[in-house]
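Engineer:
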Amino acid sequence: MNVCEYIPGLENIPAAKSSISYVDGQEGILEYRGIRIEELATKGSFVETAYLLIWGELPTQEELDAFEGEIRYHRRIKYRIRDMMKCFPETGHPMDALQTSAAALGLFYARRALDNPDYIRQAVVRLLAKIPTMVAAAHQMRRGNDPIQPNDNLDYAANFLYMMTEQKPDPLAAKIFDVCLTLHAEHTINASTFSAMVTASTLTDPYAVVASAVGTLAGPLHGGANEEVLAMLEEIGSVENVRPYIEKLVANKQKIMGFGHRVYKVKDPRATILQNLAEQLFEKTGRDEYYAIAQEVEKVVEEKLGHKGIYANVDFYSGLVYRKLGIPSDLFTPLFAIARVAGWLAHWKEQLAVNRIFRPTQVYIGERNQPYVPMEKRL
Ligand code: SDX
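Quick note: the sequence shown uses the working numbering, first residue 836, plus one each step.
(1) How big is the Cα-Cα spacing for residue 1143 and residue 1082?
(2) For residue 935, which option in 920, 925 and 949 has the closest C-alpha, if you only look at C-alpha atoms?
(3) Are at least three pairs of beta-carbons, each pair with one atom in the stretch 1143–1158 and one in the stretch 1095–1106, less than 8 Å apart?
(4) Once you ignore the five residues that flank residue 1228 on each side, which residues in its own chain have a CB closer than 7 Å to its CB?
(5) For the ligand SDX, I want to know if residue 1148 counts as a neighbour, meaning its beta carbon is within less than 7 Å of at least one of the ligand's heavy atoms.
(6) Is it buried or exposed for residue 1104, if we count other Cβ within 10 angstroms and need 16 for buried?
(7) Go to residue 856, then tell me how far its alpha helix (DSSP H) extends in each direction, as first and last residue.
(8) Rounded to whole angstroms, what is the Cα-Cα separation between residue 956 and residue 1049?
(9) What number of angstroms, rounded off, separates the C-alpha of residue 1091 from the C-alpha of residue 1129?
(10) For residue 843 and residue 1197, I'd like the C-alpha separation in whole angstroms.
(11) So, helix, strand or coil for residue 865, using DSSP?
(12) Under the three-state reduction of DSSP, which class applies to residue 943: helix, strand or coil?
(13) Considering just the uninterrupted stretch of the alpha helix (DSSP H) at residue 898, what are its terminal residues?
(14) Apart from the five residues just before and just after residue 1167, which ones in its own chain have a Cβ nearer than 8 Å to its Cβ?
(15) List the endpoints of the continuous alpha helix (DSSP H) containing residue 1171.
(16) Does the beta carbon of residue 1182 fall short of 7 Å from some heavy atom of the ligand SDX?
(17) Classify residue 1193 as helix, strand or coil using the three-state DSSP reduction.
(18) Restricting to Cα atoms, I'd like to know which of 1004, 974 and 932 is closest to residue 986.
(19) Apart from the five residues on each side of it in sequence, which residues of its chain come closer than 6 Å, Cβ to Cβ, to residue 884?
(20) Which of the three DSSP states, helix, strand or coil, is assigned to residue 871?
(21) Excluding the 5 residues flanking residue 871 on each side, which residues of the same chain have their C-beta closer than 8 Å to its C-beta?
(22) What residue does the alpha helix (DSSP H) around residue 1134 start on, and which one ends it?
(23) Using the beta-carbon count (16 or more within 10 Å), is residue 929 buried or exposed?
(24) Between residue 1041 and the rest of its own chain, which residues show a CB-CB distance below 6 Å, the 5 nearest in sequence each way excluded?
(25) So, using beta-carbon positions, are residue 1172 and residue 845 closer together than 8 Å?
(26) Please find out if some non-hydrogen atom of the ligand SDX comes closer than 7 Å to the beta-carbon of residue 1060.
(27) Looking at the structure shown, is residue 948 part of a helix, part of a strand, or coil, going by DSSP?
(28) Measuring CA to CA, which of 1134, 851, 1203 and 1115 is closest to residue 1186?
(29) Using a Cβ-based criterion (distance less than 7 Å to any ligand heavy atom), does residue 1092 qualify as near the ligand SDX?
(30) Check whether the stretch 1067–1086 touches the stretch 1101–1119, counting contact only when three or more Cβ pairs, one atom from each stretch, lie closer than 8 Å.
(31) Just curious, the alpha helix (DSSP H) that residue 1164 is in, first and last residue?
(32) Could you give the distance in angstroms between the alpha-carbon of residue 1075 and the alpha-carbon of residue 1002?
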């Protein structure tokens, strides 16, 4: 069999045929099942978007009500899992807690009945329902609090904010958070989705698939950038400090968090929507001192690196929105994971139909036919 040329990071190498989402990196276009992200962000909801991504079409009102009802029913987490989470160290990062919790769901629910549509639906509903509850519960436990139970009268986004703050959220805050979830739900074959697909291709259970993807998303080059962006804005400290700070990073060829993308060579359309959401929030709750710094950072980075196709990506403004919603920065990436469960599950389902294990090859560059050197002769 002829071996293709080795391309680092599989850049521009198709690893699947998919109908879930489409990205045009030159035009800055993102579509979920052919629908522009701008449409879904303004007219839909995250749960409706998750249904669209996973089952391939927009739900009727009856289908959406049933799906939402099942998710509300399954939001509670078993006491045995809550008791396990109580043992998590306060020092661990919430993404590590989330990865462990997702795998723990597999202990209770994994049956690998992948040819059973009811099992598939149950796994989809349980993961969409329980992942946010686990993130909120772990957050409360880290602070020594006993996590409150989900509020069955609140929708997906509002219930998460309620479990985080123990107060009913402002309707604008809940709507903006719901849009953030839609924006982060899916993005073709990014690193964490590719992890999910590789794991899925072995026909393991969907809980292991999600746990594998969470571990991948945690890296600062992928999902972890939004937390790093806020740390950078805090370190810059003022608009006046932006230019020298960025010029130093560029001179040292250091990666600037929240910028650049393997596919987008223009501003990420999600960054534009998130920037508008930030401005809506600031109008209602007051300006954020870091927003002016962020706008200056974007201007200077575009001036210095725009010619290389390096522009703001989805992670650049999301942290400012979450900060305004009162969410601590160590939860920014778990929020990304909560949303991306929808995309991971969509690709898991799509991968099951392919039914072919991922097993790429390599270009071997090591030694051949070497002797086993006895210990006494080793230098
Ligand atoms: C996400 O894939 C997805 O779809 C991911 C995502 C999703 O929804 O799943 O969109 C979410 O992961 C967004 C990206 C969040 N990460 C960051 O913001 C971290 C900072 N960004 C970079 O690490 C980087 O841009 C990547 C990892 C996102 C993409 O890197 P590539 O495509 O591998 O680019 P590269 O490393 O090959 O760099 C090409 C050139 C280099 O310069 P030269 O050596 O050619 O002179 O561009 C430069 C790089 O130095 N470059 C940057 C840069 N990103 C690339 N220079 C400064 N700052 C940056 N952020």
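From the three backbone atoms N, C-alpha and C, an ideal C-beta is built for every residue, glycine too. Keep in mind that this is a model prediction, so the values were computed, not measured.
Structural biologist: Inspection of the coordinates gives the following:
(1) The straight-line gap from Cα to Cα measures roughly 15 Å.
(2) For residue 935, the nearest C-alpha among the options comes from 920.
(3) Touching, yes, given that three or more Cβ pairs across the two stretches are closer than 8 Å.
(4) Here the chain comprises residues numbered 836 to 1214, so residue 1228 is not present and cannot be evaluated.
(5) True, at least one ligand heavy atom lies under 7 Å from that Cβ.
(6) Label assigned to residue 1104: buried.
(7) Where residue 856 is concerned, there is no enclosing alpha helix (DSSP H), although the beta strand (DSSP E) it sits in stretches over 856–859.
(8) In this model, residue 956 and residue 1049 are separated by some 20 Å (Cα to Cα).
(9) Here the alpha carbon of residue 1091 sits roughly 12 Å from the alpha carbon of residue 1129.
(10) When rounded, the separation of the alpha-carbon atoms in residue 843 and residue 1197 is 11 Å.
(11) Strand.
(12) Helix.
(13) First-last of the alpha helix (DSSP H) with residue 898: 896–908.
(14) So the qualifying residues of the chain are 1061, 1062, 1065, 1153, 1154 and 1157.
(15) From DSSP, the alpha helix (DSSP H) with residue 1171 extends over 1167–1189.
(16) Result no, Cβ not under 7 Å from the ligand SDX.
(17) DSSP, read as helix, strand or coil, puts residue 1193 in coil.
(18) Residue 1004 is the option with its Cα nearest to residue 986.
(19) Excluding residues within five positions, the ones whose Cβ falls inside 6 Å are 875, 1017 and 1020.
(20) Note: residue 871 maps to strand in three-state DSSP.
(21) Taken in chain order, the residues that qualify are 864 and 865.
(22) Counting along the chain, the alpha helix (DSSP H) containing residue 1134 begins and ends at 1124–1140.
(23) Answer is buried; the Cβ neighbour count reaches 16.
(24) In the same chain as residue 1041, and ignoring 5 residues on each side of it, the C-beta atoms closer than 6 Å to its own belong to 958 and 1183, in chain order.
(25) Residue 845 sits away from residue 1172, with the two beta carbons spaced by 8 Å or more.
(26) With a threshold of 7 Å, the Cβ atom of residue 1060 counts as near the ligand SDX, since some heavy atom of the ligand is closer than that.
(27) Judged by DSSP in its simplified three-state form, residue 948 adopts coil rather than helix or strand.
(28) Of the listed residues, the one whose Cα sits closest to residue 1186 is 851.
(29) Yes - the ligand SDX has a heavy atom lying nearer than 7 Å to the Cβ of residue 1092.
(30) Proximity of the stretch 1067–1086 to the stretch 1101–1119 falls short of the contact definition, fewer than three beta-carbon pairs being nearer than 8 Å.
(31) Segment: none, residue 1164 is in no alpha helix (DSSP H) and carries neither H nor E.
(32) The alpha-carbon of residue 1075 is positioned some 38 Å away from that of residue 1002.
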